[in-house]
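Note sheet for the following structure.
2 protein chains.
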Amino acid sequence: MNDVKVDVALVHYPVVNRLGETIGSAVTNLDLHDIARAGKTYGVGTYWVITPFAEQQQLAAQIVGHWTEGYGGSVNPDRSNALALIRLSATIEEAIEKAALTYGTRPVVLATCAKQQESTRSFAQARQLINGDTPVMILFGTAWGLSPAVMAMVDGVLPPICGPTAFNHLSVRSAASIILDRLCGRGES
Amino acid sequence: MNDVKVDVALVHYPVVNRLGETIGSAVTNLDLHDIARAGKTYGVGTYWVITPFAEQQQLAAQIVGHWTEGYGGSVNPDRSNALALIRLSATIEEAIEKAALTYGTRPVVLATCAKQQESTRSFAQARQLINGDTPVMILFGTAWGLSPAVMAMVDGVLPPICGPTAFNHLSVRSAASIILDRLCGRGES
Numbered sequence: 001m002n003d004v005k006v007d008v009a010l011v012h013y014p015v016v017n018r019l020g021e022t023i024g025s026a027v028t029n030l031d032l033h034d035i036a037r038a039g040k041t042y043g044v045g046t047y048w049v050i051t052p053f054a055e056q057q058q059l060a061a062q063i064v065g066h067w068t069e070g071y072g073g074s075v076n077p078d079r080s081n082a083l084a085l086i087r088l089s090a091t092i093e094e095a096i097e098k099a100a101l102t103y104g105t106r107p108v109v110l111a112t113c114a115k116q117q118e119s120t121r122s123f124a125q126a127r128q129l130i131n132g133d134t135p136v137m138i139l140f141g142t143a144w145g146l147s148p149a150v151m152a153m154v155d156g157v158l159p160p161i162c163g164p165t166a167f168n169h170l171s172v173r174s175a176a177s178i179i180l181d182r183l184c185g186r187g188e189s
Numbered sequence: 001m002n003d004v005k006v007d008v009a010l011v012h013y014p015v016v017n018r019l020g021e022t023i024g025s026a027v028t029n030l031d032l033h034d035i036a037r038a039g040k041t042y043g044v045g046t047y048w049v050i051t052p053f054a055e056q057q058q059l060a061a062q063i064v065g066h067w068t069e070g071y072g073g074s075v076n077p078d079r080s081n082a083l084a085l086i087r088l089s090a091t092i093e094e095a096i097e098k099a100a101l102t103y104g105t106r107p108v109v110l111a112t113c114a115k116q117q118e119s120t121r122s123f124a125q126a127r128q129l130i131n132g133d134t135p136v137m138i139l140f141g142t143a144w145g146l147s148p149a150v151m152a153m154v155d156g157v158l159p160p161i162c163g164p165t166a167f168n169h170l171s172v173r174s175a176a177s178i179i180l181d182r183l184c185g186r187g188e189s
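Residue numbers (the numbering used here), protein chains in the order written: chain F, 1 to 189; chain V, 1 to 189.
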């Protein structure tokens, strides 16, 4: 069922605000649920939730615990299975190191970005890595996106998700869902 | 920019609960935002929010108004442009009639469903309609999905969104985003 070695990471720090300043953003309930459900659908190994803030880690752990160990999971086992994908990590580097332990080799780390820019990996190239059994970690930024420091440390950057319009302001939940469909979907028509 | 004649409709009544009983669900803020943003990205004409309940219509109108006429739009014009796609409608039939006035002909109404079932239109067939300039309205159900009465009145049913796993519990926000990418995306790899 889960043959691909794909992790996703939702980054709450370091990300940028609308002014381009590096900030830490707040964990939100629906980011956890929606991306976990999409991750479970597309065979993701681990959904990393990245925040260095102790109280934000506690909030995320409480939400996950409610669904994986508490009342939520007993009434909705599907949601429990999805939320069980989540692991908390203080930093992106820590998540990469832990994923390397799981997969036996460091994952190729790919950033995502809504802005038109020089992208260094096409979706086809990323699919090729995944189909070739290479572990891949896809980073998604909250707020106004991943900070320049993150963009500089990754192995590649995926193209922005574009439709037929110039509008490129998808929610991170939508972007993550579409990218997982493009990379790990069965390409059904 | 917006050449396709595609509307989406988020149905809050009639939908089913986990027991299969027909219910009305509550409007949620993030369903409005996420699907409007995806709709704007993929060139959707109108994002219909279907609820017969007066207080739910008021809630939805307040949220939309905040972003299209109120403070929200002044600080975030992109969000304003997205939320401006939304029109409220008491029933699916009313939305279809209004869309028919806009497009000059009744849209082909396609339902979506997470369950494995007999689907009557492939994504390729739906894309063909859209590329052939036929108006199409795609219905998405909240709660546990569109009611049997809705499934019986539509012109076709799209396949469920599947990944490589048997898990099929995407949020409606994720499902709508992926389906718009499959139907209205540029097929970029």
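All residues carry an ideal CB built from backbone N, CA and C; glycine is no exception.
- Distance between residue 167(F) and residue 63(F), taken at the CA atoms: about 33 angstroms.
- Contacts between residue 159(F) and chain V, judged by CB atoms closer than 9 angstroms, involve 188 in chain order.
- Within 10 angstroms of the beta-carbon of residue 19(V) lie fewer than 16 other beta-carbons, which makes it exposed.
- Under DSSP, residue 22(V) takes part in a beta bridge, and its partners are 16(V).
- The C-beta separation of residue 179(V) from residue 134(V) comes to about 17 angstroms, leaving the pair out of contact by the 8 angstroms criterion.
- Using a 10 angstroms sphere on the CB of residue 186(F), the tally of other CB atoms stays under 16, which defines it as exposed.
- Where residue 47(F) is concerned, the enclosing beta strand (DSSP E) starts and stops at 47 to 50.
- Distance check between residue 56(V) and each of 76(V), 27(V), 70(V), 182(V) places 27(V) closest, using alpha-carbon atoms only.
- For residue 89(F), the secondary structure class from DSSP, reduced to helix, strand or coil, is strand.
- Neighbours of residue 169(V) in chain F, taken as residues whose beta carbon is under 8 angstroms from its own, are 37, 40, 41, 78, 79, 82 in chain order.
- A residue is called buried when at least 16 other Cβ atoms come within 10 angstroms of its Cβ; residue 31(F) meets this threshold and is buried.
- Residue 50(F) is positioned such that its CB atom lies no closer than 8 angstroms to that of residue 22(F).
- Annotation: Cβ neighbours of residue 181(F) in chain V (cutoff 7 angstroms, chain order): 178, 181.
- At a cut-off of 8 angstroms between C-beta atoms, residue 121(V) does not count as an interface residue with respect to chain F.
- With fewer than 16 other Cβ atoms inside 10 Å of its own Cβ, residue 105(F) counts as exposed.
- The three-state reading of DSSP puts residue 140(F) in strand, counting E and B together.
- Interface criterion not met: the Cβ of residue 113(F) is under 8 angstroms from no Cβ in chain V.
- Counting only residues of its own chain and dropping the five nearest sequence neighbours on each side, residue 103(F) has a CB closer than 7 angstroms to the CB of 5, 135.
- Partner residues in the beta bridge of residue 7(V), as assigned by DSSP, are 137(V).
- Short of 6 angstroms from the beta carbon of residue 175(F), and not among the five residues preceding or following it, lie these beta carbons of its own chain, in chain order: 161.
- The contact set of residue 33(V) on chain F, defined by CB atoms closer than 8 angstroms, consists of 171 in chain order.
- DSSP places residue 185(F) in the coil class of the three-state scheme, outside both helix and strand.
- Boundaries around residue 108(V) are those of the beta strand (DSSP E), 108 to 111, since no alpha helix (DSSP H) includes it.
- Secondary structure note for residue 66(V): its alpha helix (DSSP H) is the uninterrupted segment 54 to 68.
- Per DSSP, the beta bridge partners of residue 156(F) are 110(F).
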